[in-house]
Amino acid sequence: MLPSPRAWALEQNDRRLVFATDARATLFADSGAFGVSRHLHPAWKVVLPIGGHARVGRDDRPPLAAAGLIVPPQLAHTCAATSSYAAVFVDPWLVHAGLGLVRLDARAVRRLLAALGPTGVDGPAAAPDLSAFHDELIALTGAAPRLDARVAHAARATMRPGPGASLDAVAAEVGLSPPRLRALVRESVGIPLARLRQWGRLRGAVADLPGSSVAAAAAAAGFADQAHLTRTSRTLLGRTPASLSRAVPAPRDERQEPAGGEETRRGPAAHGQ
Numbered sequence: 032m033l034p035s036p037r038a039w040a041l042e043q044n045d046r047r048l049v050f051a052t053d054a055r056a057t058l059f060a061d062s063g064a065f066g067v068s069r070h071l072h073p074a075w076k077v078v079l080p081i082g083g084h085a086r087v088g089r090d091d092r093p094p095l096a097a098a099g100l101i102v103p104p105q106l107a108h109t110c111a112a113t114s115s116y117a118a119v120f121v122d123p124w125l126v127h128a129g130l131g132l133v134r135l136d137a138r139a140v141r142r143l144l145a146a147l148g149p150t151g152v153d154g155p156a157a158a159p160d161l162s163a164f165h166d167e168l169i170a171l172t173g174a175a176p177r178l179d180a181r182v183a184h185a186a187r188a189t190m191r192p193g194p195g196a197s198l199d200a201v202a203a204e205v206g207l208s209p210p211r212l213r214a215l216v217r218e219s220v221g222i223p224l225a226r227l228r229q230w231g232r233l234r235g236a237v238a239d240l241p242g243s244s245v246a247a248a249a250a251a252a253g254f255a256d257q258a259h260l261t262r263t264s265r266t267l268l269g270r271t272p273a274s275l276s277r278a279v280p281a282p283r284d285e286r287q288e289p290a291g292g293e294e295t296r297r298g299p300a301a302h303g304q
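Under my numbering, think of the first position of the sequence shown as 32, with each following residue one higher.
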């Protein structure tokens, strides 16, 4: 995990982008409508449009639209917002796994946006309060079971930015063999250690983007090269690193206000309790 909060805001032409990451969550925010291609991330994603709607598309289901959405880890999907928005990614072990895909009502969206701190029509401030957001999210959804201390240490060590320690070294730190550690993390977290490592490196690379080239950010984060970072970003976020500093509006049909989608299982967050 990242040892301390890192954040940046970038204004270019008529778009404003905000990125922030700390020990439990990572935020991307955009001052305009935006859509991303099919991807699957190893974290919970909370999509919070500011005045608009969010829409998620899945390969085998009709599109689902709501005032906001919570998207579970490892769900292959497309996603779009019809207005400015904040998308917050929360580490997979911090939300209980049975929650599933949840539609948030307008009240729940307002509560979560308020937890981030001052938020205008263009999105949150440059230093959003991710800790307060995490607490508000857990108040809405309920806390996940506590992880085995060995699993928690391994997951955090694996997700530190940069090349990081080898799996053998991390396994030795917690007194397990590498195969046993991999199996235990996958069983407890639901995500392979290799995917968690990719996610940690991607967050580190994006945190460095405003002050360096994509190639330099890739090298500092432990990617083999710029192409490796770009492939990973497309797979896990549905967008390229370059798009984070060169905002492109969502496709026209994605920016239109979506009609209501199918009903899904509703957790407490869907009712804004």
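Even for Gly, the Cβ is constructed at its ideal location relative to N, Cα and C.
Item, Value
"Alpha helix (DSSP H) runs contained entirely in the stretch 142-191, provided each spans 4 or more residues", "161-172, 180-189"
"Rounded straight-line distance, which links the Cα of A252 to that of P210", "25 Å"
"Simplified DSSP assignment, three categories, for H259", "helix"
"Contained alpha helix (DSSP H) runs [length at least 4] in the stretch 209-254, N- to C-terminal order", "209-220, 224-239, 245-252"
"Under 9 Å between C-beta atoms of A118 and V152", "no"
"Cβ-based burial, P93 [other Cβ within 10 Å; buried from 16]", "exposed"
"Spatial neighbours of D179 in its chain, beta-carbon cut-off 8 Å, leaving aside the 5 residues before and after", "L215, S219"
"Sequence-distant residues of its chain with Cβ nearer than 7 Å to L240 (five each side left out)", "A248, P272, L275, S276"
"Pick from L227, A156, F254, F120 that is closest to A188, judged by C-alpha positions", "L227"
"CA nearest to the CA of L147, picked from T261, P223, A51", "A51"
"Own chain partners of A156 with C-beta closer than 6 Å, once the 5 adjacent residues on each side are dropped", "G148, P149"
"Cβ neighbour criterion (16 or more within 10 Å) applied to Q43", "exposed"
"Contact check, S68 vs G269, beta carbons under 9 Å", "yes"
"T266 in three-state terms, based on DSSP", "helix"
"Bounding residues of the beta strand (DSSP E) (the contiguous stretch that carries A40)", "37-43"
"Given 8 Å, three or more beta-carbon pairs between the stretch 122-137 and the stretch 103-111", "yes"
"Proximal residues to R46 (C-beta, below 8 Å), its chain only, five neighbours per side dropped", "D61, S62, G63, A278"
"G99 to A139 span [Cα, whole Å]", "8 Å"
"Backbone secondary structure at G298 - three-state DSSP", "Confidence in G298 is poor, its pLDDT being 46 and thus under 50, which makes the residue's placement unreliable; the coordinate value appears in the next sentence. G298: coil per DSSP, three-state reduction."
"CB contact flag (A111, F65, <9 Å)", "yes"
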